[in-house]
Structures are given as C-alpha cells and as structure tokens.
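Colleague: Going by my numbering, the sequence shown opens with residue 4, and the numbers climb by one from there.
Backbone N, C-alpha and C fix where the C-beta goes; we use that ideal spot for every residue, glycine too.
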Amino acid sequence: MIVYAVGELLRQWRKRRGLSQLDLAIAADVSARHVSLVETGKSTPSADMILRLAAQLHVPLRDRNQLLLAAGFAPRYAQRPLDDTALSGALDAVRRVLRAHEPYPALVFDRRWNIVLTNRAVDPFFAHVAPDLLRPPVNLVRLGLDPRGLAPLVVNLADVRAVFRSRISRQLAAAPDAELAALYEELLNPLPAEPTSRRAVDADVVLPMIVRIDGRELRLFSTITTFGTPMDITIEEIAVESYYPADPESAAYFTR
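(1) Secondary structure at aspartate 235, three-state DSSP: helix, strand or coil?
(2) CB phenylalanine 167 to CB leucine 191, shorter than 8 Å?
(3) Using only CA atoms, which one of Thr88, Arg219 and Glu240 lies nearest to proline 251?
(4) Name the one or two DSSP bridge partners that isoleucine 118 has.
(5) If we count the other Cβ atoms within 10 Å of its Cβ and call it buried at 16 or more, is glutamate 240 buried or exposed?
(6) Glycine 231: which of Thr88, Asn68, Leu27 and Ala242 sits nearest, CA to CA?
(7) Should glycine 44 and glycine 75 be called a contact, given that it needs their Cβ atoms to be closer than 8 Å?
(8) Taking C-alpha atoms, which residue in Glu42, Leu12, Asn117 and Ser91 lies nearest to aspartate 66?
(9) Buried or exposed for alanine 255, going by 16 or more other Cβ atoms inside 10 Å?
(10) Let me check one thing: in DSSP terms, what residues is alanine 242 bridge-paired to?
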C-alpha cells in the first residue's frame with residue numbers, strides 16, 4: 004500500500020479536477036505559491052487550510068478525512084450507521100420521501116450501489132429475483148443486470164446498461180474507489196459482441212427504462228435525490244432514486 008503525503012494527495016485531487024495551481028489558488032483565496040509549497044511538501048498546511056482546499060476541489064468527506072490523517076490531524080467527519088440516533092432526523096426524512104412516493108417505486112442506495120432502503124412499490128419487482136441476489140448487501144447494479152435478477156424483465160437492457168456504465172464512470176472519475184471499480188469491471192466493461200445501446204422510444208427529454216411485468220410493458224424514468232449539505236459520511240454517500248411512470252398506461256398500473 005502506497006502512503007502519500009498530504010501535498011501529493013491534494014495534487015492528485017487537483018489534477019483529477021482539471022485545475023491548475025492558479026485555478027485552485029483563486030478559488031480558495033490563497034496564493035498560487037502557497038498551493039505549490041503545500042503540494043511539494045515545503046509548507047505544512049493547517050487542518051483548516053486542508054479542508055479549505057478540499058472544499059474547492061469537491062473532495063468527498065471520506066477522502067477529506069484521509070487528507071487530514073495524511074497531515075497528522077484527526078478526522079473531522081463521522082461515519083455513523085444510518086439507524087444511529089444522531090441520524091434519526093435524516094433517516095426520518097428519507098423514509099418520508101420513500102413513503103410519499105408510493106404507489107411508485109423508490110429506493111435508497113449507498114456509494115457502491117448497495118440498496119439501503121426501499122418502499123413497498125419495489126416489492127413486486129423483487130418477487131422475480133433469485134433469492135441469493137436478495138441477501139444483503141443487495142447491489143442495485145448486479146440486481147439490474149444479472150440474468151437471475153431484473154435483466155429478463157428489462158426490454159431495453161442495452162440502454163439501462165449504458166446508463167449504469169455512464170453513471171459509474173463519472174463516479175469513478177470524480178472519486179476513485181477500488182470496490183466500485185471492481186463492480187464496473189465485473190458487470191459493465193463493454194463486451195465485443197455487446198449490442199449497441201439504442202433509443203427504445205422516441206423521447207427527447209428522458210430515456211425510460213422499459214420493464215415487462217404481469218404481461219404489461221411499463222415505461223419508467225427516475226430522479227436522484229441527495230442531501231445538500233451533509234456533514235456525516237453516511238449521509239453524503241446515500242442517494243434516493245425515485246421512479247416515475249413515463250406514460251398514462253404505466254401510471255395506471257401502479258395506481259390501480
């Protein structure tokens with residue numbers, strides 16, 4: 004395992020964001036020379052300076068803790084279980100969102116796409132899934148693409164795979180993660196004979212996922228909701244994905 008100094012880590016994050024030292028200096032309201040001295044290890048930054056630079060680089064809270072540790076400081080951000088008493092307000096808000104979205108499906112997943120919570124409208128879809136795929140942690144990507152999961156139900160599977168591939172590629176570009184990279188290699192690496200993603204319906208606003216269930220084809224699109232100002236790693240890393248019907252026929256299936 005390679006252990007990097009804080010200056011080198013900051014340089015890696017700056018390069019990942021495509022910024023020059025001057026760009027970062029202007030954004031953080033410090034001198035470019037100071038950024039250079041920090042990156043080369045000639046100046047030891049304070050904890051506040053590390054967090055100031057990290058904020059401008061949009062470094063995730065988990066990685067901000069690593070920056071602090073690399074400089075010899077204590078971590079600043081806690082990571083509590085979602086059912087921890089301190090997170091009760093946030094958990095209640097998430098559950099309210101899930102309940103309010105019924106009769107349409109909604110679920111919560113973490114940074115590695117493991118499902119944390121669902122609402123009742125998701126249950127009929129899970130009824131078609133092999134039991135071993137529903138043993139925790141249930142991974143949304145694996146569930147969606149595995150032949151024993153939801154894949155046989157998805158009419159436009161190539162489109163859905165392409166969406167997963169795009170979203171996780173962006174996620175890895177923003178913040179590398181070994182386990183997420185392994186998931187990508189396992190399920191999303193393009194195959195030589197893989198069909199090209201195609202537009203399944205004429206829609207210029209959203210590309211729906213088309214699911215065949217109970218003899219019907221349901222057209223669904225989704226939105227992602229995250230916490231705006233998280234100060235806990237767990238809260239920062241979860242997202243609520245809410246599915247909506249893309250046509251009246253699909254809406255009628257859920258509201259009947």
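Modeller: With the structure as the only source:
(1) Translated into positions along the sequence shown, residue 235 becomes position 232. The answer is strand: DSSP assigns aspartate 235 an E or B state.
(2) Taking the first residue of the sequence shown as 1, we reach residue 167 at position 164. Taking the first residue of the sequence shown as 1, we reach residue 191 at position 188. Taking 8 Å as the Cβ cut-off, phenylalanine 167 and leucine 191 qualify as a contacting pair.
(3) Locating residue 251 in the sequence shown gives position 248, counting from the first residue. When only C-alpha atoms are compared, the closest one is Arg219.
(4) Looking up residue 118 in the sequence shown gives position 115. Answer is Phe112, bridged to isoleucine 118.
(5) Counting from 1 along the sequence shown, the entry for residue 240 is found at position 237. Result: buried.
(6) In the sequence shown, counting from the first residue as 1, residue 231 sits at position 228. Ranking Thr88, Asn68, Leu27 and Ala242 by Cα distance to glycine 231 puts Ala242 first.
(7) Counted from its first residue, the sequence shown places residue 44 at position 41. Counted from its first residue, the sequence shown places residue 75 at position 72. The answer is no: Cβ separation not under 8 Å.
(8) For the purposes of this step, residue 66 is identified with residue 63 of the sequence shown, where counting begins at 1. For the residues Glu42, Leu12, Asn117 and Ser91, the minimum Cα distance to aspartate 66 belongs to Leu12.
(9) Taking the sequence shown and counting its residues from 1, one reaches residue 255 at position 252. Per the 10 Å Cβ criterion, exposed.
(10) Position 239 of the sequence shown holds residue 242. Note: alanine 242 sits in a beta bridge opposite Phe112.
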